[in-house]
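*Asks:*
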Amino acid sequence: MAVTFRVVLRSTETQPSQQTQESVLPAMSQKFGQRVSISAADLAPDDRLGAATIGTVDTDAPTALRDVYEYVEPHRLVKVGAIRTNDDSRVAVRKAHEVDREAVERHERATVLGEVHGDLLVRVRRGDE
C-alpha cells in the first residue's frame, strides 16, 4: 500500500480568516492540479493562532510533497504545521546543516524524502517494539 502524506496548513495570522483560505487554497490547487488533493478546514470565528489550521494537502508522491513544502515554507500567510501519514510512519523536518544526512540515509527505518530550503524531510517508520 502506498503511503499518503498530509500537509497540515496553518495560518500565520493571529486570527485565521476565510479570506486567507480563499486566496491560498485555490492558488495551490491551480499550481499543483491533480497531483494533490486540497481540503479547506472549517474556521470558527473564535479560532486563534493555536488552532489556526486552514486546510490540508494530501499526496502520495514524495515529489509533490517536496513541491508543496517548497511552495508553502516561504509563504507569508501560511506555513506547514505538520506532515502526517496514513500509516505508522511520520515525517520529521530537520535543518539539513544540523543532521548527518549519510547516517540518516543508512538508517533502516528512515527515508530521506528530499531537501527543501535547507530543511531535510525524513520519513521515519516505527520500529518493532
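Heads up, the sequence shown is in the working numbering, so the first residue is -9 and it goes up one at a time. For every residue, glycine included, the Cβ atom is placed at its ideal position computed from N, Cα and C. In this text, all values refer to a predicted model and were calculated from it rather than measured experimentally.
Taking the straight line between their C-alpha atoms, what separation do you get for V(-3) and A93?
*Replies:* Here residue -3 refers to the residue found at position 7 of the sequence shown. Here residue 93 refers to the residue found at position 103 of the sequence shown. Their Cα atoms are separated by approximately 26 Å.
*Asks:* Let me check one thing: in DSSP terms, what residues is V89 bridge-paired to?
*Replies:* Taking the sequence shown and counting its residues from 1, the one referred to as residue 89 is at position 99. V89 is not bridged to any residue.
*Asks:* Would you list the one or two residues that DSSP bridges to T53?
*Replies:* Taking the sequence shown and counting its residues from 1, one reaches residue 53 at position 63. None; T53 has no bridge partner.
*Asks:* Count the C-beta pairs between the stretch 52 to 59 and the stretch 17 to 27 that are closer than 8 Å, then say yes if the count reaches three, no if not.
*Replies:* Yes, the stretch 52 to 59 is in contact with the stretch 17 to 27.
*Asks:* Less than 6 Å between C-beta atoms, sequence neighbours within five positions excluded: which residues of the same chain meet that for S19?
*Replies:* Working through the sequence shown from its first residue, we reach residue 19 at position 29. Excluding positions up to five away in sequence, the list reads I28.
*Asks:* Between V83 and I44, which are expected to be in contact by the criterion C-beta below 8 Å, what is the C-beta distance as a whole number of angstroms?
*Replies:* Within the sequence shown, the letter at position 93 stands for residue 83. Within the sequence shown, the letter at position 54 stands for residue 44. Going by Cβ atoms, the distance from V83 to I44 rounds to 19 Å, so no, they are not a contact pair.
*Asks:* With H, G and I counted as helix, E and B as strand and the rest as coil, what does DSSP make of V(-7)?
*Replies:* Taking the first residue of the sequence shown as position 1, residue -7 is located at position 3. Reduced to three states, the DSSP call for V(-7) is coil.
*Asks:* Cα-Cα, which of V106, R99, A72, H97 is closest to A86?
*Replies:* By 1-based counting over the sequence shown, the position of residue 86 is 96. Closest option to A86, Cα to Cα, is V106.
*Asks:* Determine the DSSP secondary structure at L33, reduced to helix, strand or coil.
*Replies:* In the sequence shown, residue 33 corresponds to position 43, counting from 1. It is coil, neither helix nor strand.
*Asks:* Exposed or buried, E119, counting other C-beta atoms within 10 Å across all chains shown (16 or more means buried)?
*Replies:* As a working note, residue 119 is residue 129 in the sequence shown. Here the model assigns E119 a pLDDT of 45, short of 50, so the residue's position is not dependable, and the following value carries that caveat. Exposed, because fewer than 16 other Cβ atoms sit within 10 Å of the Cβ of E119.
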